Amino acid sequence: MKLLHAAGFAMVAWYLMLPPPAPSRNRLINEPLSDWKLIEKLNSKDACREMRSKLIELMRGTVIDTARCVPSDDPDLMPGIFDLDVG
């Protein structure tokens, strides 16, 4: 039986996030990621991008197009900010 060396492989989740609202209908895209709202936690970058695309298609004309896929190890996120299980 071969043992895989997992030391260099960290499980990275991907967060689909929406920036905080501005006083107008816009979003504050330059605010720190720790202020953004978590929409969904996904297992891969591709899954996150696919979810974002589907939401944009379903919610045309809304602020959903400002949503962004962010890796869980992004240094701009506060540690432990989204300690949720990936479902």
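Mapping of the sequence shown onto our numbering: position 66 corresponds to residue 828, and the numbering continues sequentially without gaps.
For every residue, glycine included, the Cβ atom is placed at its ideal position computed from N, Cα and C.
For clarity, every value in this text was computed on a predicted model and none was experimentally measured.
Around the Cβ of V832, are there at least 16 other Cβ atoms within 10 angstroms (buried) or fewer (exposed)?
Here residue 832 refers to the residue found at position 70 when the sequence shown is read from its first residue. The residue is buried, with at least 16 neighbouring Cβ atoms inside 10 Å.
Using 8 Å as the threshold, is the C-beta distance between W798 and P782 below it?
In the sequence shown, counting from the first residue as 1, residue 798 sits at position 36. In the sequence shown, counting from the first residue as 1, residue 782 sits at position 20. Yes. Within cutoff.
Given a cut-off of 8 Å on the beta-carbon distance, is the pair L778 and C810 in contact?
Taking the sequence shown and counting its residues from 1, the one referred to as residue 778 is at position 16. Taking the sequence shown and counting its residues from 1, the one referred to as residue 810 is at position 48. Result yes, Cβ atoms of L778 and C810 sit closer than 8 Å.
Beta-carbon separation (whole angstroms), W776 vs L804, contact threshold 8 Å:
The residue given as residue 776 occupies position 14 in the sequence shown. The residue given as residue 804 occupies position 42 in the sequence shown. Between L804 and W776 the Cβ distance is about 5 Å, and since that is below 8 Å, they are a contact.
Unbroken beta strand (DSSP E) run spanning L804, endpoints
In the sequence shown, counting from the first residue as 1, residue 804 sits at position 42. It spans K799 to L804 - the beta strand (DSSP E) in which L804 sits, taken as one unbroken run.
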